[in-house]
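Numbering (this note's numbering), first residue to last: 18 to 595.
What follows is a single structure, written as structure tokens, with notes after it.
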């Protein structure tokens with residue numbers, strides 16, 4: 018019996034719900050299936066998301082600002098729903114099941130969009146068929162219902178996948194060994210690399226298909242790709258170890274907060290309060306069978322720490338109702354969550370900057386000369402620049418920069434997660450300044466040649482816009498991989514999928530913040546008797562350069578806010594060597 022216990026992964030099962038075995042389940046082989054699936058999944062999602070703003074304006078006849086807001090709302094919702102996927106994976110189902118369900122939902126959404134793009138009667142009539150004196154007919158009625166039903170089914174599927182797939186891969190590694198932790202760190206770097214591989218195919222081949230062969234082909238490729246990802250994922254089933262769901266982590270958090278408030282109110286009348294320790298029978302019954310040994314070791318002592326000490330009252334026994342009894346371990350887990358929230362909040366502004374890559378930056382490029390020799394590059398293929406840069410930088414970072422940093426610092430991590438995130442935030446400030454300067458140059462060319470009111474391409478190469486893509490792409494590599502690994506390793510074992518989903522929730526809030534900023538700026542600038550900065554159908558009449566300068570200033574202030582919290586953060590998962 019003891020030998021069988023030693024040969025199994027405690028708290029994990031295989032795909033048939035049998036105990037996961039050491040040597041057979043988990044490891045880099047299992048994670049490699051996840052990485053291949055991520056290439057297919059991101060290809061299916063990004064092929065349409067990167068070009069969707071043009072589909073909305075050209076075929077559904079939304080204005081440029083409405084198209085941009087529709088796209089940011091769609092992408093924001095998709096990433097925010099990752100929290101739901103992560104929560105369900107942690108609490109009730111497993112990452113394995115959530116992925117399969119979510120992929121099927123995304124397939125259904127893409128199928129609806131493919132049918133609508135293929136059947137002319139399900140779209141608004143082309144502008145050339147409408148009276149020249151009347152504006153293009155915006156999508157409405159049943160057509161609009163079909164469009165948004167398809168889009169938000171895709172969003173629901175993407176959210177479930179983003180909330181389950183990254184932690185499913187990260188759970189394959191043995192974190193009790195140095196090698197396992199290093200392999201997990203490499204996994205997160207290569208996860209971003211695989212995101213970029215899918216994105217590269219999406220923003221080149223699929224976008225070219227959409228622009229030259231029709232959107233029904235673009236949506237069709239995405240539909241086939243997400244369908245293909247399901248059998249690829251299932252092929253890895255015999256190698257996966259899947260974490261057993263351990264109930265709602267949110268319930269535990271609410272219980273600790275409620276207990277601390279209750280005991281604070283009762284403390285004045287209490288004289289013989291006794292601290293509940295993690296060795297109590299209640300603690301063993303509750304988590305003894307579900308937590309792996311390393312997770313237990315992360316609770317350094319049976320006494321609560323001094324930080325956020327108002328929560329310590331939750332672990333004081335003073336005749337509280339049984340449902341409000343909390344262990345020190347539970348209190349410390351809630352403290353960890355509260356400590357990572359300011360870091361999470363600091364990354365939202367970066368993702369607000371990234372939102373511009375799929376909205377205004379694409380529209381900027383569409384007004385410029387997009388020819389590369391005799392080849393005409395679709396504006397939506399501009400993200401190929403940061404994607405290629407990430408594909409080069411990710412292996413270099415993993416195999417050159419990190420080993421060098423480990424030798425210099427003599428630590429296991431080399432470069433800490435918070436240092437990576439901070440680097441990304443700083444690069445986003447530079448990116449917004451570059452974007453403002455490029456837009457100023459673009460408008461000067463348009464004004465000089467008298468083309469402000471013209472729809473023809475300006476005689477200025479779109480490579481200028483590629484500069485902001487390069488800086489923001491680099492920022493994305495540093496920040497996304499850093500965030501995912503930071504949230505996964507720092508979070509309590511029972512809520513790692515939910516915590517990893519915070520990386521995507523940050524993206525979502527960045528997209529929503531972008532939409533809110535556009536609306537507020539238009540409202541404020543029009544209220545003072547001026548033309549709104551970001552309104553109308555002609556981008557040359559926008560004050561986009563002012564918007565970018567504002568984003569640059571806000572990013573700078575956000576960076577200072579980040580430094581304040583990062584300098585005060587103490588790593589929960591650091592070993593003695595670090």
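Glycine residues also receive a C-beta, built at the ideal position from the N, C-alpha and C atoms.
Contact under 8 Å by Cβ, residue i with residue j
{"i": "residue 259", "j": "residue 387", "result": "no"}
{"i": "residue 106", "j": "residue 181", "result": "yes"}
{"i": "residue 363", "j": "residue 582", "result": "yes"}
{"i": "residue 103", "j": "residue 515", "result": "yes"}
{"i": "residue 448", "j": "residue 89", "result": "no"}
{"i": "residue 495", "j": "residue 444", "result": "yes"}
{"i": "residue 499", "j": "residue 437", "result": "yes"}
{"i": "residue 382", "j": "residue 403", "result": "no"}
{"i": "residue 114", "j": "residue 266", "result": "no"}
{"i": "residue 602", "j": "residue 328", "result": "As displayed, the chain neither begins before 18 nor continues past 595, which places residue 602 out of reach and without an answer."}
{"i": "residue 332", "j": "residue 344", "result": "yes"}
{"i": "residue 524", "j": "residue 280", "result": "no"}
{"i": "residue 534", "j": "residue 370", "result": "no"}
{"i": "residue 100", "j": "residue 522", "result": "yes"}
{"i": "residue 240", "j": "residue 131", "result": "yes"}
{"i": "residue 350", "j": "residue 208", "result": "no"}
{"i": "residue 67", "j": "residue 224", "result": "yes"}
{"i": "residue 477", "j": "residue 385", "result": "yes"}
{"i": "residue 81", "j": "residue 554", "result": "yes"}
{"i": "residue 564", "j": "residue 412", "result": "no"}
{"i": "residue 549", "j": "residue 539", "result": "yes"}
{"i": "residue 475", "j": "residue 455", "result": "no"}
Contacts around residue i, its chain only, beta-carbon distance under 7 Å, and the 5 residues preceding and following it disregarded
{"i": "residue 201", "result": "187, 190, 192"}
{"i": "residue 393", "result": "387"}
{"i": "residue 401", "result": "217, 220, 221"}
{"i": "residue 504", "result": "357, 516, 517, 519, 520"}
{"i": "residue 487", "result": "402, 403, 406"}
{"i": "residue 377", "result": "85, 561"}
{"i": "residue 578", "result": "363"}
Local Cβ density within 10 Å of residue i, reported as buried at 16 or more and exposed below that
{"i": "residue 570", "result": "exposed"}
{"i": "residue 485", "result": "buried"}
{"i": "residue 221", "result": "buried"}
{"i": "residue 441", "result": "buried"}
{"i": "residue 72", "result": "buried"}
{"i": "residue 246", "result": "buried"}
{"i": "residue 109", "result": "exposed"}
{"i": "residue 502", "result": "buried"}
{"i": "residue 263", "result": "buried"}
Length of the line joining the Cα atoms of residue i and residue j
{"i": "residue 453", "j": "residue 348", "result": "47 Å"}
{"i": "residue 126", "j": "residue 527", "result": "24 Å"}
{"i": "residue 254", "j": "residue 47", "result": "8 Å"}
{"i": "residue 228", "j": "residue 218", "result": "15 Å"}
{"i": "residue 473", "j": "residue 75", "result": "16 Å"}
{"i": "residue 547", "j": "residue 159", "result": "37 Å"}
{"i": "residue 162", "j": "residue 154", "result": "16 Å"}
{"i": "residue 537", "j": "residue 91", "result": "19 Å"}
{"i": "residue 408", "j": "residue 422", "result": "20 Å"}
{"i": "residue 168", "j": "residue 58", "result": "15 Å"}
{"i": "residue 196", "j": "residue 39", "result": "15 Å"}
{"i": "residue 418", "j": "residue 204", "result": "16 Å"}
{"i": "residue 83", "j": "residue 508", "result": "38 Å"}
{"i": "residue 164", "j": "residue 65", "result": "13 Å"}
{"i": "residue 10", "j": "residue 276", "result": "Past the edges of the chain, shown from 18 to 595, lies residue 10, and the structure says nothing about it."}
Residue-level contact to chain D via CB, residue i, 8 Å cutoff
{"i": "residue 477", "result": "No chain D is present in this structure, which holds just one protein chain."}
Three-way DSSP call (helix, strand, coil) for residue i in this model
{"i": "residue 526", "result": "helix"}
{"i": "residue 27", "result": "strand"}
{"i": "residue 427", "result": "coil"}
{"i": "residue 259", "result": "strand"}
{"i": "residue 389", "result": "strand"}
{"i": "residue 421", "result": "helix"}
{"i": "residue 268", "result": "helix"}
{"i": "residue 248", "result": "helix"}
{"i": "residue 142", "result": "coil"}
{"i": "residue 212", "result": "helix"}
{"i": "residue 551", "result": "coil"}
{"i": "residue 321", "result": "coil"}
{"i": "residue 472", "result": "coil"}
{"i": "residue 38", "result": "strand"}
{"i": "residue 409", "result": "helix"}
{"i": "residue 94", "result": "helix"}
Cβ shell of residue i (< 6 Å), same chain only, five flanking positions each side left out
{"i": "residue 234", "result": "226"}
{"i": "residue 77", "result": "156"}
Own chain partners of residue i with C-beta closer than 8 Å, once the 5 adjacent residues on each side are dropped
{"i": "residue 302", "result": "Low confidence applies to residue 302: its pLDDT is 32, below 50, so where it sits in the model is not reliable, and the reading given next is rough at best. The answer is none, since no qualifying residue turns up."}
{"i": "residue 483", "result": "399, 402"}
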